[in-house]
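J.: First residue of the sequence shown: 47, per my numbering; consecutive thereafter. Quick one: structure below, then a few questions.
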Amino acid sequence: MQEVEVPTREDVEITVDVLQHILRYMNIPATVQVRSTNPLTLNIHGIHENLGLLIGRRGETLAALQLLVSLIVGHRTKHRMRIVVDAENYRERREENLRSLALRVAQQVRNYRRSIALEAMPPHERRIVHIALSDSKDISTESIGEGDARRVVISLKRPGR
């Protein structure tokens, strides 16, 4: 199956339709809005009372919904494309919170001169932390652990590195 970088209008319509069908099946009244097409980003609105249910613990339910939509759309269109499913801009807010957390913890590392390990998080969230601190002259980041227990450790850079 080939990968498509920019989806066609038909691809977008199919993707929105698939997500709306899943939401109806889950008995969640909501609207789906296309936020961007590269990657194809869909934002679910109007679900305030069901928001926690749809997002799940640390976004796990939202990630599963995104995977399900991607698999169904790939089967229907016969090609792969990157699809992001968001709910009430949760992913956007989470990214901003992670960047802010990374900067705060980096300052604590400077103040206390000791490494600090963050909570375990999925790969895309660890990546946000690494990128947020990548330009720092005195701070380094490293992922440690295995599987679901993988976390980012923020440390002072050692001299000569």
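C-beta: ideal position from N, C-alpha, C; glycine also.
Tell me, please, whether the segment 167-178 touches the segment 121-130 by the rule of three or more beta-carbon pairs shorter than 8 angstroms.
T.: Touching, no.
J.: Return yes when the C-beta of D194 is under 7 angstroms from any heavy atom of the ligand MG, and no when it is not.
T.: In the structure shown, the ligand MG is absent, as is every other ligand, since no ligand is present at all.
J.: Between L100 and T107, is the Cβ-Cβ spacing less than 8 angstroms?
T.: Numbered from 1 along the sequence shown, position 54 holds the residue referred to as residue 100. Numbered from 1 along the sequence shown, position 61 holds the residue referred to as residue 107. The answer is yes: Cβ separation under 8 angstroms.
J.: Would you kindly work out how many angstroms separate the C-alpha atoms of S186 and Q154, rounded to a whole number?
T.: Position 140 of the sequence shown, counted from the start, is the residue given in the question as residue 186. Position 108 of the sequence shown, counted from the start, is the residue given in the question as residue 154. Rounded to whole angstroms, S186 to Q154 spans 13 angstroms at the Cα level.
J.: T83 to P53, Cα distance in whole Å?
T.: Mapped onto the sequence shown, residue 83 falls at position 37. Mapped onto the sequence shown, residue 53 falls at position 7. Cα-Cα distance, rounded: 7 angstroms.
J.: Ends of the alpha helix (DSSP H) at T123?
T.: Position 77 of the sequence shown, counted from the first residue, corresponds to residue 123. Taken as a continuous stretch (DSSP letters only), the alpha helix (DSSP H) holding T123 covers 106-123.
J.: Would L114 pass as a contact of I60 if the rule is Cβ separation under 8 angstroms?
T.: Taking the first residue of the sequence shown as 1, we reach residue 114 at position 68. Taking the first residue of the sequence shown as 1, we reach residue 60 at position 14. Cβ atoms of L114 and I60: not closer than 8 angstroms.
J.: Looking only at its chain, what residues have a beta carbon closer than 6 angstroms to the beta carbon of S201, apart from the 5 residues adjacent to it on each side?
T.: Here residue 201 refers to the residue found at position 155 of the sequence shown. Result list for S201: S161, S186, in chain order.
J.: Among residues of its own chain, excluding the 5 on either side of P169, which ones have a beta-carbon nearer than 8 angstroms to its beta-carbon?
T.: On the sequence shown, residue 169 is found 123 positions in, with the first residue counted as 1. Same-chain partners within the cutoff: R196.
J.: What are the boundary residues of the beta strand (DSSP E) that L202 is part of?
T.: In the sequence shown, counting from the first residue as 1, residue 202 sits at position 156. Unbroken beta strand (DSSP E) run through L202: 197-202.
J.: Given G92, which residues of its chain have a CB within under 8 angstroms of its CB, disregarding the five upstream and five downstream residues?
T.: Counted from its first residue, the sequence shown places residue 92 at position 46. These residues qualify, in order along the chain: P75, A76, T77.
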